[in-house]
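I have placed the structure first, in the form of structure tokens, so that the comments after it can refer back to it.
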Amino acid sequence: NFFYHMELSKNYSPAEIESKWYEHWMQKGYFKSEPDKRDPFTVVIPPPNVTGVLHMGHTLNETVQDILIRKARMSGYNACWVPGSDHASIATEAKVVAMLKEKGIDKNKLSREEFLKYAFEWKEKYGDIIYSQLKKLGCSVDWDRTTFTMDDHYYKAVIKVFVDLYNKELIYRGARMINWDTAAKTALSDEEVEYKEVTGKLYYIKYFIAEENSIRHTTYSPQNSTPDYIVIATQRPETIMGDTAVCANPEDERYQKLKGKSVLVPLINKSVPIIFDEYVDKDFGTGILKITPAHDINDYNIGLKHNLAIVDTLNEDGTLSEAAKIHVGEDRFVARKKIVEELKEKGLLVKEEEYQTRLGYSQRTDSVVEPRISTQWFVKMKELALPALQSVIDGEIKIHPEGKFTATYKYWLENVKDWCISRQLWWGQQIPAWYDEDGKFVVAENEEKAKEIFNNQYSTINVQLKQDEDVLDTWFSSWLWPMEVFKGISNPDNDDINYYYPTSVLVTGQDIIFFWVARMIMAGMEYKKEKPFSDVYFTGMVRDKQGRKMSKSLGNSPDLLDLIDKYGADAVRFGIMISSPAGNDLLFDEASLEQGRNFNNKLWNALKLIKLWEAKQSESDLPERMQAMMMSQVNFNPEMGTMPLVPIGLLIEENFAIDWFKNRLSEVQLEVDNLYKQFKLSEALKIIYSLIWDDFCSWYLEWIKPDFEKPIDEIVYHKTLTFFEQIMQLLHPFMPFITEEIYHLLRDREEDLIIQQFEKPEKPDRKILEQGNTLKEVITSIRDVRNKNQIKPKEKIKLHIQTEHEGYFSDIQDILSKQVNAESISYIEDTIDNCLSVIVNKDKFLIQSENPINTGIQKEQLQKDLEHLRKFLSSVEKKLSNTNFVQNAKKDVIKLEKKKKEDAETKIKIIEESLSTI
RNA sequence: GGGAGCAUAGCUCAGUUGGUUUAGAGCAUCUGCCUUACAAGCAGAGGGUCCGCGGUUCGAACCCGUGUGCUCCCACCA
Numbered sequence: 037n038f039f040y041h042m043e044l045s046k047n048y049s050p051a052e053i054e055s056k057w058y059e060h061w062m063q064k065g066y067f068k069s070e071p072d073k074r075d076p077f078t079v080v081i082p083p084p085n086v087t088g089v090l091h092m093g094h095t096l097n098e099t100v101q102d103i104l105i106r107k108a109r110m111s112g113y114n115a116c117w118v119p120g121s122d123h124a125s126i127a128t129e130a131k132v133v134a135m136l137k138e139k140g141i142d143k144n145k146l147s148r149e150e151f152l153k154y155a156f157e158w159k160e161k162y163g164d165i166i167y168s169q170l171k172k173l174g175c176s177v178d179w180d181r182t183t184f185t186m187d188d189h190y191y192k193a194v195i196k197v198f199v200d201l202y203n204k205e206l207i208y209r210g211a212r213m214i215n216w217d218t219a220a221k222t223a224l225s226d227e228e229v230e231y232k233e234v235t236g237k238l239y240y241i242k243y244f245i246a247e248e249n250s251i252r253h254t255t256y257s258p259q260n261s262t263p264d265y266i267v268i269a270t271q272r273p274e275t276i277m278g279d280t281a282v283c284a285n286p287e288d289e290r291y292q293k294l295k296g297k298s299v300l301v302p303l304i305n306k307s308v309p310i311i312f313d314e315y316v317d318k319d320f321g322t323g324i325l326k327i328t329p330a331h332d333i334n335d336y337n338i339g340l341k342h343n344l345a346i347v348d349t350l351n352e353d354g355t356l357s358e359a360a361k362i363h364v365g366e367d368r369f370v371a372r373k374k375i376v377e378e379l380k381e382k383g384l385l386v387k388e389e390e391y392q393t394r395l396g397y398s399q400r401t402d403s404v405v406e407p408r409i410s411t412q413w414f415v416k417m418k419e420l421a422l423p424a425l426q427s428v429i430d431g432e433i434k435i436h437p438e439g440k441f442t443a444t445y446k447y448w449l450e451n452v453k454d455w456c457i458s459r460q461l462w463w464g465q466q467i468p469a470w471y472d473e474d475g476k477f478v479v480a481e482n483e484e485k486a487k488e489i490f491n492n493q494y495s496t497i498n499v500q501l502k503q504d505e506d507v508l509d510t511w512f513s514s515w516l517w518p519m520e521v522f523k524g525i526s527n528p529d530n531d532d533i534n535y536y537y538p539t540s541v542l543v544t545g546q547d548i549i550f551f552w553v554a555r556m557i558m559a560g561m562e563y564k565k566e567k568p569f570s571d572v573y574f575t576g577m578v579r580d581k582q583g584r585k586m587s588k589s590l591g592n593s594p595d596l597l598d599l600i601d602k603y604g605a606d607a608v609r610f611g612i613m614i615s616s617p618a619g620n621d622l623l624f625d626e627a628s629l630e631q632g633r634n635f636n637n638k639l640w641n642a643l644k645l646i647k648l649w650e651a652k653q654s655e656s657d658l659p660e661r662m663q664a665m666m667m668s669q670v671n672f673n674p675e676m677g678t679m680p681l682v683p684i685g686l687l688i689e690e691n692f693a694i695d696w697f698k699n700r701l702s703e704v705q706l707e708v709d710n711l712y713k714q715f716k717l718s719e720a721l722k723i724i725y726s727l728i729w730d731d732f733c734s735w736y737l738e739w740i741k742p743d744f745e746k747p748i749d750e751i752v753y754h755k756t757l758t759f760f761e762q763i764m765q766l767l768h769p770f771m772p773f774i775t776e777e778i779y780h781l782l783r784d785r786e787e788d789l790i791i792q793q794f795e796k797p798e799k800p801d802r803k804i805l806e807q808g809n810t811l812k813e814v815i816t817s818i819r820d821v822r823n824k825n826q827i828k829p830k831e832k833i834k835l836h837i838q839t840e841h842e843g844y845f846s847d848i849q850d851i852l853s854k855q856v857n858a859e860s861i862s863y864i865e866d867t868i869d870n871c872l873s874v875i876v877n878k879d880k881f882l883i884q885s886e887n888p889i890n891t892g893i894q895k896e897q898l899q900k901d902l903e904h905l906r907k908f909l910s911s912v913e914k915k916l917s918n919t920n921f922v923q924n925a926k927k928d929v930i931k932l933e934k935k936k937k938e939d940a941e942t943k944i945k946i947i948e949e950s951l952s953t954i
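Just so you know, we're using the numbering used here here: the first sequence kicks off at 37 and counts up by one.
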């Protein structure tokens with residue numbers, strides 16, 4: 037029993053209420069899902085990094101998912117939202133290494149096993165933070181299905197897929213030029229490199245021509261060599277020791293005479309050949325390029341073509357290696373400075389100039405990525421990309437917002453390059469390849485199988501095999517997420533995977549479209565022969581209100597738990613959703629959370645008002661009346677002692693407020709359903725917000741409000757409770773806590789709102805809605821006139837209506853008189869003097885008050901209106917006298933224009949009349 | 001260099017296949033209210049050359065072209 041007979045607090049205070057309900061929902065098992073006869077609605081959470089915290093981007097994503105899941109749960113679906121986290125190989129390892137360093141422990145001094153022990157301890161300690169944050173936010177995930185990408189079954193699934201792809205020859209091992217992170221000392225995929233525009237320097241360096249007869253083994257000294265030299269531009273003077281050629285364009289006249297010659301690399305005086313290749317742009321720099329195959333992808337390719345030696349002058353940590361000969365052991369950037377100095381001293385630096393360039397940075401460690409040749413594992417992507425491309429082109433998978441990302445997705449898949457999946461880390465799935473001492477290897481799911489295969493393949497017995505030291509890229513595990521959370525890889529064809537897959541919608545940030553979304557589609561198409569999800573909803577990026585990215589260094593990234601403490605989870609959810617246009621970036625401003633908190637408070641106060649009515653209820657004569665009415669209903673069976681299933685609307689006398697709100701509610705329900713279908717959640721929330729604040733609180737409740745100290749009609753009261761419940765239901769997916777609380781406080785209820793099923797909205801009655809709009813407009817206009825003429829709110833007026841449809845207004849006159857504080861309403865045919873007049877549509881409202889009338893204001897207003905109308909009329913008349921218009925426009929449009937004309941004419945007449953009486 | 005998107009009120013954005021009187025909303029602003037749910041509130045109001053130019057059309061915020069300005073993605077020019 038959740039009905040509290042306690043006094044309701046002045047303002048809504050979310051803290052206890054939110055934790056109370058989350059607890060209750062969990063206890064009742066509402067978030068749990070098992071396959072059954074209903075249709076599934078499945079969402080898998082984009083797994084956050086296990087040791088991370090939720091930032092505003094997550095908050096937006098999770099809120100969107102929770103809204104969709106809650107809406108589905110209330111719409112007859114078996115809603116299943118799977119939570120979990122990602123081991124985040126490189127990010128977590130970096131954190132653990134940093135933690136160890138603080139403790140004075142060097143990772144390099146630890147064994148793999150020791151390190152992993154620390155890592156798992158770390159994960160145990162911090163891995164729950166994100167889960168508790170999800171709970172605070174109200175996420176209705178099925179906790180029993182929580183999955184971690186390094187769970188046993190998941191680990192096995194990843195290995196299984198690796199072995200399978202290897203056997204299908206879609207995975208290979210080889211030496212390639214890859215992106216090297218010198219801070220984490222690991223390879224990276226192309227996607228993990230972020231390019232930034234930076235101002236670098238271009239150094240112009242002299243390379244002297246080596247003497248003809250002494251191409252090799254000559255030591256250069258300025259005194260005895262030919263004075264001839266060439267100038268080469270480079271951004272990276274510290275790599276010159278790795279040069280194995282210089283290259284010009286074969287067409288370039290300037291360098292023709294150098295054919296067959298060599299140059300001496302400065303400082304180390306190594307002789308390297310001058311070669312020619314079309315790749316070189318004659319017009320750029322000096323038209324001649326140094327070739328350093330070990331440290332530049334283009335140089336590497338040219339090196340391959342011309343069969344050049346590769347001299348790797350860098351160590352894995354970015355210091356210069358023995359091969360560099362000079363500055364060995366110094367960091368690349370330190371070495372650069374020193375080398376530039378030396379070149380200057382020796383007069384070998386011709387000039388340096390500022391240069392705009394793009395530099396690759398590691399997404400995780402933010403260090404400058406080094407192109408490096410290294411033996412790594414790769415996935416062949418071309419073949420996998422085809423079905424993934426097709427499923428989006430065919431519209432089998434729909435991307436929202438439509439069109440915006442489809443092109444990027446297609447382009448990437450059409451030009452996809454092989455995926456480097458090995459990482460020189462320990463935290464992750466260890467690559468299931470086993471090597472003998474000579475480096476011969478086999479791939480298998482475990483050591484035992486590996487031995488077996490090895491022995492067969494190489495006809496050996498009992499060879500000692502050693503497993504590959506490296507682990508797999510995190511994304512090589514997360515691309516299986518929608519399948520393996522249901523054990524679809526490790527235990528194919530089980531009930532869960534068959535029921536829940538493909539999932540319904542994936543909600544994620546557009547920044548991981550290549551990392552994750554595209555690859556999940558590939559994996560799904562490869563292993564299930566079916567898309568992993570039907571819709572992809574990309575949320576925008578959360579920025580601060582000045583439009584800057586949120587970042588630690590700017591300090592503009594608020595803490596989620598602080599925000600929830602300050603405003604409540606419902607308010608946070610409201611704030612982030614209301615300012616989140618589908619697909620666009622969201623400019624986060626705490627003011628929107630304040631708006632959310634105020635909305636909570638508004639709801640709370642509406643509840644208080646209704647509770648106040650309840651208290652005044654006891655002496656009312658309603659029970660008798662209600663019973664009498666019920667007896668008259670055919671279906672009523674008194675023995676059952678229950679309320680008959682007759683809509684209460686049938687029992688009550690004419691009540692325009694109820695009639696109107698009922699239809700207004702249906703109208704909004706239909707609109708909201710439609711918006712859900714298009715994933716326009718922010719729009720849906722805006723409409724619900726306005727329905728509640730404006731239509732329900734500002735209009736409806738005021739219309740039915742009983743006079744001071746008088747009880748409310750019980751039937752109206754009960755109908756109002758039902759409306760309130762219905763709007764709470766509509767709002768529940770967005771603001772689950774307060775809606776559940778109010779739902780229980782409204783009536784003494786056992787059942788919970790979270791699982792109340794939506795009923796199909798009725799078709800709204802246009803006439804009633806229109807009448808409501810007219811009523812609102814009349815009220816507003818009269819209030820405006822009162823305001824402008826300084827009639828105090830408390831001062832009563834007499835209202836006279838000049839209309840041809842008296843019935844239209846007699847329906848609503850009680851509301852009208854109350855809302856404009858009129859002591860009487862009368863219907864008149866002729867104008868009355870000394871009144872203020874208001875014209876709405878074609879009806880005229882005369883306001884009679886004790887106040888002296890300022891005719892000036894009145895006259896001015898009317899004349900302004902008149903001018904407008906005349907202008908308008910002339911434009912309509914112009915249109916109608918245009919023969920082309922009359923010939924070409926649709927009949928309806930012409931009819932409309934004619935009506936506009938008539939209406940305007942009538943209205944002008946009315947205003948002119950009014951003016952003449954002033 | 002290639003591609004995509006955006007430009008509407010001070011700010012953030014709606015605006016469905018071109019036609020509903022004067023282009024809408026929220027926030028902000030201004031005026032008046034401590035009115036017996038709510039000042040975290042109530043009642044009102046003001047505010048726009050729909051980025052510029054040209055075209056199609058009886059009719060354009062919407063369609064086409066063009067210019068300008070932003071944003072994002074992709075790409076190996078030292």
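For each residue, glycine too, the CB sits at the ideal point set by N, CA and C.
Spanning the alpha carbons of residue 295 and residue 510 requires a straight line of approximately 49 Å. When the beta-carbon positions are compared, residue 119 and residue 179 come within less than 8 Å of each other. Residue nearest to residue 563 within the set 273, 196, 571 is 196 (criterion: CA-CA distance). Closest by C-alpha distance to residue 605, out of 92, 843, 908, is 92. A Cβ-Cβ distance of about 18 Å is found for the pair residue 356 and residue 345, leaving them out of contact under the 8 Å criterion. About 7 Å separates the beta carbons of residue 348 and residue 409, which is inside the 8 Å limit, making them a contact pair.
Our two residues, residue 919 and residue 905, have alpha carbons roughly 23 Å apart in a direct line. For residue 493, the enclosing alpha helix (DSSP H) starts and ends at 483-494. The bridge partners DSSP lists for residue 585 are 579. In its chain, beyond the 5 residues on either side, 238 have a beta carbon closer than 6 Å to the beta carbon of residue 389.
When the five nearest sequence neighbours on each side are left out, the beta carbons in the same chain lying within less than 7 Å of the beta carbon of residue 88 are those of 166, in order along the chain. For residue 487, the CB contacts under 7 Å within the same chain, skipping 5 residues up- and downstream, are 501 in chain order. In the three-state DSSP reduction, residue 900 falls in the helix class (H, G or I). With fewer than 16 other Cβ atoms inside 10 Å of its own Cβ, residue 418 counts as exposed. Per DSSP, residue 233 is one residue of the beta strand (DSSP E) stretching across 229-245. Per DSSP, reduced to three states, the secondary structure at residue 792 is coil, with no helix or strand assignment. When beta bridges are read from the DSSP output, residue 390 appears opposite 237. A Cβ-Cβ separation of about 16 Å leaves residue 944 out of contact with residue 916 under the 8 Å criterion. When C-beta atoms of the segment 425-436 are compared with those of the segment 475-493, fewer than three pairs fall below 8 Å, so the two segments do not count as touching. In this structure the segment 594-608 does not touch the segment 542-561; the number of beta carbon pairs closer than 8 Å is below three.
Excluding five sequence positions before and after residue 760, the CB atoms of its chain that fall closer than 8 Å to its own CB belong to 642, 643, 646, 732, 778, 782, given in chain order. Proximity to residue 361 across 283, 278, 612 peaks at 278, based on C-alpha coordinates. Within the segment 182-213, the alpha helix (DSSP H) runs of at least 4 residues that lie entirely inside it are, in chain order, 188-203. With respect to the 8 Å criterion, residue 540 and residue 156 are not classified as neighbours on the basis of their beta carbons.
When only Cα atoms are considered, residue 223 and residue 592 end up about 32 Å apart. Shortest Cα-Cα distance from residue 512 to any of 96, 124, 52 involves 124. In the DSSP annotation of this structure, the continuous segment of the alpha helix (DSSP H) that includes residue 719 starts and ends at 717-726. Note on residue 942: under 16 other CB atoms within 10 angstroms of its CB, so exposed under the neighbour-count rule. Only residues of its own chain outside the window of five on either side were considered, and among them 604 have a CB closer than 6 Å to the CB of residue 50, listed in chain order.
In this structure, DSSP gives residue 215 an extended state, which the three-state scheme calls strand. The Cβ atoms of residue 838 and residue 880 lie closer than 8 Å to each other. The alpha-carbon of residue 693 is positioned some 13 Å away from that of residue 854.
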